[in-house]
Structures are given as structure tokens and as C-alpha cells.
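So the structure is just underneath, and the comments pick up after that.
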Amino acid sequence: VVVALSRFEMAAIAPTRRAAAVVASRGVSTTPLAASAIAGAPPAARQDKEGGTIADLFVNLGKEVDPMEPRFAELKELLRSQYGLTPSVRDDAWRRLEAAMARTSSRLAALDSPSDIVPIVEFDDVAAAGGFTEEQADAIREVGSVVVRGVVPAEQALAWKADVRRYYAAHPGIRGFPEDHPQVYELYWTPAQVQARQHAGVYLTTTLLNKLWLRGGAAAADDRAFSAHGFAYCDRLRIRDPGDAKFALGPHVDGGGIERWEDEEYRACYASILSGDWEAHDAFAPEHRVRAAMDLYSTPNACTAFRTFQGWMALSDTAPGEGTLRVHPDVKTSTAYILLRPFLDDIAGTDFPGAVPGTAQDVNSVFHAPICEQMVSVPAVRPGDMVFWHGDVVHAVEAQHRGQADSSVFYIPAVPSCGVNGRYMARQRAQFVAGRTPPDFPQNNSEVGFDDRGAEADLTPLGRRMMGLDSWASADASDELVAVGGPTTGAALR
């Protein structure tokens, strides 16, 4: 049996409605506050991003920040009023949250290895079944992360890494971080990256992850329309050498920082949390996320597309301790902790701990100690495995690579078809054709003059759809690249 993916599917919005009901019951307004109500709010006009490296987004990689402006104290008071977050509501919610965090610590302590809490699935099994089992889906939604084994053959992943090394050797001087010995390269259009993004196994995996956000309901006829068909959001790559301690990316959350409170549509994603009913928060409800402004300050490296999951493909054997990814294993509690932390009495009126304009959400031991203490390294991976984590998952990179070989990845997230992503794809498509850096990233445009970069001629029919060059509407529902399940096995997709 072949199960074709529907063009538009919309998640149920019961959690959002429940939050609105809780707030309304307290006699406060549920109408979103206009950004213009806050003096000095950021301009809505888009600006071109500057050149640079990955370090330009993160405080713990050296990004300098200015003191918070007085308008953020006004924002905090407006949010208290809008969501009915009185001191008693806040304190009760915080007590429950601390108890939940303690349970997470106990759960981790009971495991043979903390990494065991991260779900692991086999690509061949998921491909043959046409999706995740209910048990797998529940575990992924709770933890917020997953390892998918064998998305592409190991020999293919290793060949891609070798191709990248040859490409870099042919074009010395490409920028990266750290500047004196790059580990994260400002490369986006190597032929290997282009091939990896359009691989049928990658498409199927990301599409099935997008489906985790679709749990019934009718499609909306506006920007909230959401389809599981995956776009190719083009990101950079990492080849981290043994012994490296400079790419020590500390705990953080991507997808904006202060924007989670400042943008009306974005904060609506967290209405349950901000109203004190954090247990009702649904991290997998797309209704407001597909319209959220995640980059109000035109920051290089800040994502303006909607990623259901961030992700990477392993290009090496990498185990815990060898410069790999670390994640917090409970997306709901960590999100609630970060969103409610600014409203506690020990925080100054203008401050939102870890969130300042123009940076990602920093998570640190001063203000978010339980989260930092509960971070776990992802399980060991082989070339061709992929790791994914929800956009709200607190994550980090191990401070030092203590292994004997490189720790290498292609960054490849799961990106669904929706209005905001369609608009981003139009901009990215133009950059791809010209060989320029993708729109969200530092505009170094290093590959413009490279004749050997990946180009439109290198795209398969699937790749053309994933890059927005052809419409998904033209896809035949029986096309093996669009359909999932039945006789279409993981091996067949390779």
C-alpha cells in the first residue's frame, strides 16, 4: 500500500484554545499586544545581512551585546497583563516546573548512560512502515530529539566528505570559525552538499519528521497552510579536528532569542506557558510558528524559515566525548523554564536572561542551572546517520573533541512547505542560481566565482522540488519519491 502525502494538513489547535480560555477566565484580554505599543520597537523592514561567521550569533562564541533598552521592561509588564501572569500564578507554575525538572534528573540518574534517553530509530524500518510507530512518535515529541540510523549508506557519506575536502583544497582561504583554523566552514554549494540535501532518504526522513506536527484538522487557506513535503534549507558544514576546543558552542536555543517574547505571533506559540499553564504547552502545534518572526534584527545566522527540526548528517564515526551534539532531554520543561525565568523576582525589569537583540537564546548556569545540569550527549553515530532536534530544544556542542578522528557533519534540517518557507525558498533559489550565500547566513558570497560549485544542472527532479524550482503540485501522487510506505523500502530509496 502506498500512502501519498497530502498537500495541505493542519494541526489541531486545542492547546492554544485552552490557553486562551485559561487567560480569559482570569478576566484579562486575549487580544495580542501590538508591537507598536512598545516604544522603540524594531522596524519591520527586512535588511540584508552582513558577512561574518557562525560566531556572530552566539554570546558564548564572543558576540558582544549591549545593555537591554528600557522598552523591554515595558514588554515584560505588557506580557504579565496580557497573559494574567500574576505573582501567585507564576509562583505556583514555577513550583510545578521545578518538581518536573527534578523528575527528569531522577530519570537520567536511573539510566546506564544519559545518552540512552535520546530515541534511536532505523531508517529502513521507518521507511518500510511509512512513518514512526506511536511509541516512537511519543518519545520524539517528549524528548524533542532523535537519531535516525542509516539514512544514507556509510560509504556515500564518506565519499561526500572526501569531495568536500577536495573542494576546499581547490579554494583556499574560505572563511570559517575559528578564523585561524576553521572547523565550521562558510560553504553552502559544494556538489556534495547539494547531493546530500536531495537524497531520497533525506527527503523521506525529513518529511516524516514534518508529519509529527500534523495531528488532524483542516488546512487553512492562508499562511497557516502547512504541508509535510520537505524543502531544502541550505546550511553550512563542519569538519572538527581532534583536540579542538574553540568550537565550544555552549547551551542555547536557535530560532531567535528575545523574539520569543517580543513578536506577537511567536509568543502565541507559548501562550500556555506564559499564562502559567505550562503543562498544556504543545511544542508540535504549527499554527502560530508558520507566521512567527524569528529574526527581528536581521542577524547573520538567524533563521527566518520555519524548521520543524534542526538536524545534521554524520560524515564520521562520532561518539560522546568526540565533539558531538548535546541536548536537553525534555523540550516542554526546558522551554517553560526559559520562557518563565524573566518573570521571577531576581531578574531586573529590562532583562530576559540569555535573550538580547541580535543573538540566539543563550542558556547558562547562572540563570538556567537545572537545564545545564541535565544536558546529555547524543548517542554514537556512524557516517550516514542523521540527528534531529526540535527548534526549541536546548542544545550545545561538546567543549572539546577528545576523539582520534574528525567529527564531521552536514547541517540539514527538516523544513516543511508553508507560506513563510515558500517565500524563503524564492530568495534562496535566487542565491543558489547566482552562487551566493543563502539569505539567512553571513553574506560572504565566497563561492560566486567557483565553476565547480553545485548548480541547477546537478539537481534531480526531487531536488528541483526541494529547492523550489518546481512545484510540489506537479508531483504525481504515485511517484516513488513522493509516496511513502508499502513496498517502498529504505534500500529502494538509496
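Under the numbering used here, the first residue of the sequence shown is numbered 236, with each subsequent residue one higher.
Each residue gets a CB set at the ideal place from its N, CA and C atoms; glycine is no exception.
Quiz item: How many Å lie between L509 and L320 at the Cα?
Solution: 7 Å
Quiz item: Can you list, in chain order, the residues of its chain whose CB lies under 8 Å from that of Q663, leaving out five sequence neighbours each side?
Solution: Y468, C469, P673, P674, M702, G703
Exercise. Would you mind stating whether Y505 and E682 have Cβ atoms separated by less than 8 Å?
Key: no
Quiz item: Who are the Cβ neighbours of K417 in its own chain at under 6 Å, not counting the five residues just before and after it?
Solution: The displayed chain sequence assigns Pro, not Lys, to residue 417. Counting only Cβ-Cβ distances below 6 Å, and skipping sequence neighbours, we find G411.
Self-check item: Where the alpha helix (DSSP H) containing A392 begins and where it ends
Solution: 389-405
Quiz prompt | Contained beta strand (DSSP E) runs [length at least 3] in the segment 317-366, N- to C-terminal order | solution = 355-357
Self-check item: Selected residue, minimal CA-CA separation from D517, among G584, Y532, S569
Solution: S569
Exercise. Measure how close the beta-carbons of S380 and F623 come, nearest whole angstrom, since I'm counting them as under 8 Å.
Key: 7 Å
Quiz prompt | Own chain residues within Cβ distance below 6 Å of Q430, not counting five before or after | solution = none
Practice problem: Determine the extent of the alpha helix (DSSP H) in which M660 is found, giving its start and end residues. | Solution: 654-669
Quiz item: Does the segment 551-571 come within contact of the segment 631-644, defined as at least 3 CB pairs closer than 8 Å?
Solution: yes
Quiz item: To which residues of the same chain is D565 closer than 6 Å at the C-beta, ignoring the five residues directly before and after it?
Solution: T339
Quiz item: Name the DSSP beta bridge partners of L472, please?
Solution: Y420, F645
Practice problem: Tell me whether the beta-carbon of G491 lies closer than 8 Å to the beta-carbon of M529. | Solution: yes
Exercise. Indicate whether V437 and V386 have their beta-carbon atoms separated by less than 8 Å.
Key: yes
Quiz item: CB-CB under 7 Å to F814, same chain, minus the five flanking residues each way: which ones, in chain order?
Solution: The chain is shown from 236 up to 729; residue 814 falls before or after that span and cannot be answered.
Quiz item: Between E522 and G478, what straight-line distance do the alpha-carbon atoms span, to the nearest angstrom?
Solution: 44 Å
Quiz item: If we count the other Cβ atoms within 10 Å of its Cβ and call it buried at 16 or more, is A392 buried or exposed?
Solution: buried
Self-check item: S612 (DSSP reduced to helix, strand or coil)
Solution: strand
Quiz item: What is the DSSP secondary structure of G698, reduced to helix, strand or coil?
Solution: helix
Quiz item: S533 bridges to which residues according to DSSP?
Solution: DSSP output for S533 lists no bridge partner at all.
Practice problem: Kindly indicate which three-state DSSP category R495 falls into: helix, strand or coil? | Solution: helix
Quiz prompt | DSSP state of L574 mapped onto helix, strand, coil | solution = helix
Exercise. Look up L704 in the DSSP assignment and say whether it is helix, strand or coil.
Key: coil
Exercise. Would you please state the rounded distance, in angstroms, between the beta carbons of V598 and I573? I believe it to be under 8 Å.
Key: 7 Å
Quiz prompt | Selection from R400, T425, V616, A363 that minimises the alpha carbon distance to A389 | solution = V616
Quiz item: Hey, would you say T539 sits closer than 8 Å to Y659, going by beta carbons?
Solution: yes
Quiz prompt | Proximity to C653 [Cα-Cα], best of D359, R502, V488, R524 | solution = R524
Quiz item: Does DSSP put S380 in a helix, a strand or coil?
Solution: strand
Quiz item: alpha helix (DSSP H) containing R561: first to last residue?
Solution: R561 -> not in any alpha helix (DSSP H); beta strand (DSSP E) instead, spanning 560-562.
Quiz prompt | Spatial neighbours of N680 in its chain, beta-carbon cut-off 6 Å, leaving aside the 5 residues before and after | solution = R671, T672
Quiz item: Using the C-alpha atoms, what's the distance from A590 back to A520?
Solution: 23 Å
Quiz prompt | Cβ separation of H464 and T442, assumed to be a contact under 8 Å, to the nearest whole Å | solution = 6 Å
Quiz item: Taking G619 as the reference, which of R330, S643, A328 has the closest Cα?
Solution: S643
Quiz prompt | Residue environment, D489, which counts as buried when at least 16 other CB atoms sit within 10 Å | solution = buried
Quiz item: How many angstroms separate the CA atom of L444 from the CA atom of V629?
Solution: 18 Å
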